[in-house]
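See structure below.
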Amino acid sequence: MRTQGLIFVIDSSDRDRMDEARSELTRIIQDREMKDALLLVFANKQDISGAMRPKDVSDALRLETIAKNHTWKVEPSCATTGEGIFEGLAWLGSNVKVPTR
């Protein structure tokens, strides 16, 4: 069975590491086990002033290109308050396909 979903957490306040994050995400989702996996990106640390918004994160990661064959979502989040965590996991849960027997 293939992987059904991937959760990738980004420090949306750390613009200097977006290239590194994009490179790592690209490497991960190109794996054959990830062929049909959903991609949930948590744009974490939204409580920090100047944090990138979800659209900025998707642009920086080039999701339209690197994840073009995946269903994906960027969810704004703050791990310390729990903001966005439930919403992201709910999206993942509602989009996972139950394998047929």
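All the letters of the sequence shown, read from the start, carry residue numbers 1280 to 1380 under this note's numbering.
A virtual CB, placed ideally from N, CA and C, is assigned to each residue, including glycine.
It should be emphasised that the depicted structure is a prediction, and the values quoted were computed from it without experimental measurement.
Chain-order list of residues whose beta-carbon lies under 6 Å from that of residue i (same chain, five-residue window excluded)
i, result
"Ile1286", "Leu1319"
"Ser1337", "Val1353"
"Ala1339", "Met1297"
Assumed close pair residue i, residue j - CB separation to whole angstroms, cut-off 8 Å
i, j, result
"Lys1314", "Arg1281", "6 Å"
"Leu1317", "Asn1374", "5 Å"
"Arg1301", "Ile1345", "7 Å"
Cutoff 8 Å; reference residue i; Cβ partners in own chain excluding five residues on either side
i, result
"Lys1334", "Val1353"
"Thr1360", "Asp1326"
Contacting residues, own chain, Cβ-Cβ under 7 Å from residue i (five flanking each side not counted)
i, result
"Glu1362", "Gln1325 and Ser1356"
Counterpart residues of residue i in DSSP-defined beta bridges
i, result
"Asn1323", "Asp1290"
"Trp1351", "Leu1318"
"Leu1285", "Leu1318"
"Glu1362", "Cys1357"
Alpha helix (DSSP H) segment containing residue i, residue limits
i, result
"Ser1337", "Pro1333 to Leu1340"
"Met1297", "Met1297 to Ile1308"
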